[in-house]
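Numbering of the sequence shown is given in my numbering, commencing with residue 2 and proceeding in unit increments.
Here is the structure we will look at.
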Amino acid sequence: MRDVNIDWANLGFSYIRTDLRFLSHWKDGAWDEGQLTEDNVLHIAEGSTALHYGQQCFEGLKAYRSQDGSINLFRPDQNAARMQMSCERLLMPAPSTEMFIEACRQVVKANEHFLPPFGTGGSLYLRPFVIGVGDNIGVRTAPEFIFSVFCVPVGPYFKGGLTPHNFIVSEFDRAAPNGTGAAKVGGNYAASLLPGAQAKDAQAQGRHFADAIYLDPATHTKIEEVGAANLFAITKDGRTFVTPKSPSILPSITKYSLLHIAEHRLGLNVEEGDVYISRLDQYGEAGACGTAAVITPIGGIQHGDQFHVFHSETETGPVTRRLYDELTGIQFGTVEAPEGWIVKV
């Protein structure tokens, strides 16, 4: 066990090597039991389908230190289910829910000293993934697979915590209408690197942008995703939580958690439907949501020559603040969680 000397108060979102990670191999029709290993370098065949044909998927979830010192995993069964859907889409064997959660438990326990203390706002980010490996050259499913989980201590994804960021609409599509948009596969993220970089380099009327907004690939009239996150919006009367619905949107566990919280904790109406880029004036607040960033308030969206401001470019809206406080309270154990949402390590 290495000594941990981390400035928890200034922890960002970047790779920090931790002590142990879980590794399991699939061969001859079954996963082996897997084991923890110190080696953070994968040794794979040069013909691996993950390298040539993008046959791989991944997940992201977090472990949190509660005030009583216990450790919370937030909805890992939902991450397991989404990984199973991604694996099915790419013709890969998926770890069972039990195997997935147990692997996450083992990694958290083995690296507990990297878990940020309660009150710092930090967490232990877990990255499970499945990749196709083994000797191969043709376009086909791999003869062997690797399932692994590693972890990294992280702070806020965006600097400044819960502060609004501006976004700009990209001319690129994130995914095809009947493609892999709903699966958490690396190719979707590779395709987002260029538009994301262009968004960060863009300036309009002196404004800078955190990332790109992607419209629906079929008509380019409806918002689908915000960078690598899902979008939500609050109607101007503060009564309805709205989020886009499309077969090419990744089903965010954070978003569906917020949908539940909005309806059952805040008493809002909830809708999954179309969010037209031409009708942003219907909404008084908006945000990007996902495991990494939790919630990032959206100050405004640049679309062509038009810039729409929601609640404020500098202040977080009241409903967004309540959603954030409720969700993070559940994750850190200061707010009672809905049944089944928290798995103790």
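We put the CB at the ideal spot given by N, CA and C, even for glycine.
Bear in mind the structure is a predicted one, so any value in this text is a computation, not a measurement.
When 7, 216, 75 and 209 are compared against residue 66, the one with the closest alpha-carbon: 75
Contact under 9 Å by Cβ, residue 17 with residue 153: In this structure, residue 153 lies closer than 9 Å to residue 17 by Cβ.
Burial state of residue 44, where buried means 16 or more other Cβ atoms lie within 10 Å: Around the Cβ of residue 44, a 10 Å sphere holds fewer than 16 other Cβ atoms; the residue is exposed.
Limits of the beta strand (DSSP E) - the one that residue 226 falls within: 224–227
Proximity to residue 302 [Cα-Cα], best of 311, 296, 294 and 244: 311
Proximity below 9 Å, CB of residue 245 to CB of residue 225: yes
Cβ neighbours of residue 178 in the same chain (closer than 7 Å, five flanking residues each side left out): Excluding positions up to five away in sequence, the list reads 218, 219 and 249.
Beta-carbon proximity of residue 172 to residue 234, cut-off 9 Å: No, Cβ-Cβ distance for residue 172 and residue 234 is not below 9 Å.
Helix, strand or coil at residue 245 [DSSP, three-state]: strand
Extent of the continuous beta strand (DSSP E) to which residue 236 belongs: 230–236
Short Cβ contact (9 Å threshold) for residue 100 with residue 131: Not a contact, by the Cβ cut-off of 9 Å.
Every unbroken beta strand (DSSP E) within the stretch 155–229, with a cutoff of 3 residues, ordered by chain: 166–170, 212–216 and 224–227
Contact the stretch 33–47 vs the stretch 140–153: 3+ CB pairs below 8 Å: Contact holds: three or more Cβ-Cβ distances are below 8 Å.
Straight-line Cα distance separating residue 78 from residue 102: Taken atom to atom, the span from the alpha-carbon of residue 102 to that of residue 78 is near 7 Å.
Nearest-angstrom Cα separation, counted from residue 184 out to residue 251: 6 Å
Touch test, the stretch 47–64 against the stretch 132–140, Cβ-Cβ under 8 Å, three pairs minimum: Yes, since at least three Cβ pairs between the stretch 47–64 and the stretch 132–140 fall closer than 8 Å, the two stretches touch.
Sub-9 Å separation of residue 28 and residue 144 beta-carbons: Result yes, Cβ atoms of residue 28 and residue 144 sit closer than 9 Å.
Beta-carbon proximity of residue 12 to residue 121, cut-off 9 Å: yes
Three or more C-beta pairs below 8 Å linking the stretch 270–281 and the stretch 204–223: yes
9 Å Cβ cutoff, residue 35 in contact with chain B: This model lacks chain B altogether, as it is built from one protein chain only.
Segment limits, beta strand (DSSP E) that includes residue 131: 124–134
Limits of the alpha helix (DSSP H) - the one that residue 296 falls within: Where residue 296 is concerned, there is no enclosing alpha helix (DSSP H), although the beta strand (DSSP E) around it starts and stops at 295–304.
Residues of its chain near residue 5, where Cβ-Cβ distance is below 7 Å and the 5 sequence neighbours each way are ignored: 114 and 115
Three-state class that DSSP yields for residue 285 in the structure shown: strand
Nearest residue (CA-CA) to residue 309, options 105, 284, 325 and 318: 284
Residue 73: first and last residue of the uninterrupted alpha helix (DSSP H) it sits in: Residue 73 -> not in any alpha helix (DSSP H); beta strand (DSSP E) instead, spanning 72–75.
Residue nearest to residue 306 in terms of C-alpha spacing, selected from 240, 268, 191 and 204: 204
Cut-off 6 Å between Cβ atoms - residues of its own chain near residue 315, not counting five sequence neighbours on either side: none
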